[in-house]
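Each remark here refers to the structure printed beneath this line.
2 protein chains.
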Amino acid sequence: MMPRPSLEFWYEFSSTYSYLSAMRIADAAENAGVTVVWRPFLLGPIFGAQGWNTSPFNLYPLKGRYMWRDMEREAARLRLPFCRPTPFPQNSLLAARVALLGIDKGWTPDFTRAVFAAEFGKGRNIGDPVVLAEILTAIGIAPETALAEAETEANKARLRRAEEEAQSRGFFGAPTFLAEDGEMFWGNDRLEQALAWAVERANRSKWPA
Amino acid sequence: MMPRPSLEFWYEFSSTYSYLSAMRIADAAENAGVTVVWRPFLLGPIFGAQGWNTSPFNLYPLKGRYMWRDMEREAARLRLPFCRPTPFPQNSLLAARVALLGIDKGWTPDFTRAVFAAEFGKGRNIGDPVVLAEILTAIGIAPETALAEAETEANKARLRRAEEEAQSRGFFGAPTFLAEDGEMFWGNDRLEQALAWAVERANRSKWPA
Numbered sequence: 049m050m051p052r053p054s055l056e057f058w059y060e061f062s063s064t065y066s067y068l069s070a071m072r073i074a075d076a077a078e079n080a081g082v083t084v085v086w087r088p089f090l091l092g093p094i095f096g097a098q099g100w101n102t103s104p105f106n107l108y109p110l111k112g113r114y115m116w117r118d119m120e121r122e123a124a125r126l127r128l129p130f131c132r133p134t135p136f137p138q139n140s141l142l143a144a145r146v147a148l149l150g151i152d153k154g155w156t157p158d159f160t161r162a163v164f165a166a167e168f169g170k171g172r173n174i175g176d177p178v179v180l181a182e183i184l185t186a187i188g189i190a191p192e193t194a195l196a197e198a199e200t201e202a203n204k205a206r207l208r209r210a211e212e213e214a215q216s217r218g219f220f221g222a223p224t225f226l227a228e229d230g231e232m233f234w235g236n237d238r239l240e241q242a243l244a245w246a247v248e249r250a251n252r253s254k255w256p257a
Numbered sequence: 049m050m051p052r053p054s055l056e057f058w059y060e061f062s063s064t065y066s067y068l069s070a071m072r073i074a075d076a077a078e079n080a081g082v083t084v085v086w087r088p089f090l091l092g093p094i095f096g097a098q099g100w101n102t103s104p105f106n107l108y109p110l111k112g113r114y115m116w117r118d119m120e121r122e123a124a125r126l127r128l129p130f131c132r133p134t135p136f137p138q139n140s141l142l143a144a145r146v147a148l149l150g151i152d153k154g155w156t157p158d159f160t161r162a163v164f165a166a167e168f169g170k171g172r173n174i175g176d177p178v179v180l181a182e183i184l185t186a187i188g189i190a191p192e193t194a195l196a197e198a199e200t201e202a203n204k205a206r207l208r209r210a211e212e213e214a215q216s217r218g219f220f221g222a223p224t225f226l227a228e229d230g231e232m233f234w235g236n237d238r239l240e241q242a243l244a245w246a247v248e249r250a251n252r253s254k255w256p257a
């Protein structure tokens, strides 16, 4: 039996378009027969490396204004609630650390969707540990333990390694989808192409030339 | 009888994603029952206003490298030839002026497609008047007259007015689609949404509330 193709989903909790992908990738991948590998990371260090100290949507107001309108339309099209969190971007460091923790235990997808839904569906402040504790409780995870483990040196180092990987692969935004052969797709608008690529490559490798 | 809905298609001749839209918008709009209003313009002044002296794909190499790969994939998906012109971006001033000339006479769509096909399909230099003359000849337009008319003060002023309109509307990239009610859609990935918007608004206005 062939293994299912997989696709890495690299996302940033403060990223608007990552929200759209996070809410729909599980169903879309299931329909395509692809396994999703959830890869939380931070855009801050990547933006910082090119001299940006905040989101490019704040640095370039015309693009930012358009993005908020586009998000309203796209969220409506995908039947997702949407509101603009304050401040934008939210501090996503703790959420990313917690999300990494859940990978081995399998609760990262539920946690990720719950964080994005709180942030962009309800305008909650996801930089607040109290908000993250509520979210953990709601998905059945003991919040004190998880929040403490998230801040251990071992877990912080794990996020730093993910950062280094993102930078070495040349990521510049989120969401970014990475196929097993290294092919990269950027943006919620490329989820379908990324899944199709993963499936096509897997079929090709079944019959080596 | 209700008038057909229309959609303005703002494009820049040196823009890669404008190429993809230019080659497919006529068929897509016809299928949707929408009239396309072709609006050539220049991104240079808009980029210059935010301090960029070249394409952001040159200023941000990671994004640029990704864009060329994405263009290869998207062009293949749309069954369009694709090659990378040198230099990039091409000087698109004369092509934009010529394209404006053809609007009243109806040959702007043919000219636009021919310029994009020469540039991104064959790697020709569209800043060269000789190349533009060949293209004009191929679509049945006398090149000497058109190139001379393109450089008249009246026609130059027409392009400046288009620029002013683009800037006053807050455009920041190309292609940009503008619906009759002022709704703006940016990027080849939004052509379908822009057409759907134009159709939906037109249907709504048939039955005033």
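Those protein sequences? They're chains X and F, same order as listed. Residue numbers for the first sequence, in the working numbering: 49 to 257. Residue numbers for the second sequence, in the working numbering: 49 to 257. Where a beta carbon is used, it is the ideal one built from N, C-alpha and C, also for glycine. Since the structure is predicted, the reported quantities are computational estimates derived from the model, not experimental observations.
Where residue i falls: helix, strand or coil (DSSP)
i                            : result
threonine 224 of chain F     : strand
proline 88 of chain X        : strand
glutamate 309 of chain X     : Chain X is shown only over 49 to 257; residue 309 of chain X falls outside these bounds and no answer can be derived.
phenylalanine 61 of chain F  : coil
threonine 185 of chain F     : helix
leucine 68 of chain X        : helix
phenylalanine 136 of chain F : coil
cysteine 131 of chain X      : coil
tryptophan 245 of chain F    : helix
phenylalanine 233 of chain F : strand
threonine 160 of chain X     : helix
threonine 83 of chain F      : strand
isoleucine 73 of chain F     : helix
glycine 112 of chain F       : helix
leucine 207 of chain F       : helix
leucine 217 of chain X       : Checking the sequence shown, residue 217 of chain X turns out to be arginine, not leucine. Of the three classes helix, strand and coil, the one that applies to arginine 217 of chain X here is coil, per DSSP.
leucine 141 of chain F       : helix
asparagine 251 of chain F    : helix
arginine 121 of chain F      : helix
glutamate 199 of chain X     : coil
leucine 126 of chain F       : coil
Buried/exposed call for residue i, threshold 16 Cβ in 10 Å
i                         : result
valine 178 of chain X     : exposed
glutamine 98 of chain X   : exposed
tryptophan 116 of chain F : exposed
threonine 224 of chain F  : buried
aspartate 118 of chain F  : buried
asparagine 251 of chain F : exposed
serine 216 of chain X     : exposed
serine 253 of chain F     : exposed
arginine 209 of chain X   : exposed
threonine 64 of chain X   : buried
glutamate 60 of chain F   : buried
alanine 198 of chain X    : buried
alanine 299 of chain X    : Because chain X in this structure spans residues 49 to 257, residue 299 of chain X falls outside the shown range and cannot be described.
glycine 96 of chain X     : exposed
alanine 77 of chain F     : buried
arginine 238 of chain F   : buried
leucine 68 of chain X     : buried
Own chain residues within Cβ distance below 6 Å of residue i, not counting five before or after
i                         : result
threonine 160 of chain X  : Ala70 and Ala147
isoleucine 151 of chain F : none
tryptophan 245 of chain F : Ala227 and Glu231
glycine 171 of chain X    : Cys131 and Pro133
glycine 169 of chain F    : Pro129
arginine 249 of chain F   : Asp229
threonine 102 of chain X  : none
Cβ-based neighbour list, residue i, same chain, cut-off 8 Å, excluding 5 preceding and 5 following
i                         : result
alanine 257 of chain F    : In this prediction, alanine 257 of chain F scores a pLDDT of 49, lower than 50, which makes its location untrustworthy; no coordinate-derived value is stated.
serine 54 of chain X      : Val82, Thr83, Val84, Val85, Glu228 and Ala246
proline 260 of chain F    : As displayed, chain F neither begins before 49 nor continues past 257, which places residue 260 of chain F out of reach and without an answer.
arginine 127 of chain F   : none
tryptophan 100 of chain X : Leu107
Contact set for residue i: own chain, Cβ-Cβ below 7 Å, skip 5 residues either direction
i                        : result
alanine 80 of chain X    : Leu243 and Val247
tryptophan 58 of chain X : Arg87, Phe89, Ala214, Phe219, Ala222, Pro223, Thr224 and Leu226
glycine 112 of chain F   : Phe105 and Asn106
leucine 149 of chain X   : Ala194, Glu197, Ala198 and Asn203
glutamate 211 of chain F : Phe89, Leu90 and Pro93
Whether residue i touches residue j by CB criterion (7 Å)
i                         : j                         : result
isoleucine 183 of chain X : tryptophan 155 of chain X : no
alanine 143 of chain X    : leucine 207 of chain X    : no
proline 137 of chain X    : serine 62 of chain X      : yes
alanine 181 of chain X    : proline 191 of chain X    : yes
tryptophan 234 of chain X : tyrosine 108 of chain F   : no
isoleucine 187 of chain X : alanine 162 of chain X    : yes
Near the ligand GTP: residue i beta-carbon under 6 Å from a heavy atom
i                       : result
arginine 145 of chain X : The ligand GTP is absent from the structure shown, which contains no ligands of any kind.
Item to complete: Below 8 Å between beta carbons is the criterion; list the residues of the stretch 101-116 of chain F that meet it against any residue of chain X, in chain order.
Response: Listed by position, the residues of the stretch 101-116 of chain F near chain X (Cβ gap below 8 Å) are Tyr108, Leu110, Lys111, Arg113 and Tyr114.
Worksheet item: Along the stretch 221-235 of chain F, what residues have a CB closer than 7 Å to any CB found in chain X?
Response: Going along the stretch 221-235 of chain F in chain order, one finds Met232 and Trp234 with a Cβ nearer than 7 Å to chain X.
Worksheet item: Taking a cut of 7 Å between CB atoms, which residues from the stretch 88-101 of chain F lie near chain X?
Response: Listed by position along the chain: Gln98.
Worksheet entry | Interfacial residues, the stretch 119-145 of chain X to chain F, with Cβ spacing under 9 Å | Taken in chain order, the members of the stretch 119-145 of chain X whose beta-carbon sits within less than 9 Å of a beta-carbon on chain F are Arg121, Glu122 and Arg125.
Worksheet item: Quick one, which residues of the stretch 193-223 of chain F are near chain X if we go by CB-CB under 8 Å, in chain order?
Response: Cβ contacts with chain X: Gly218, Phe219, Phe220 and Gly221.
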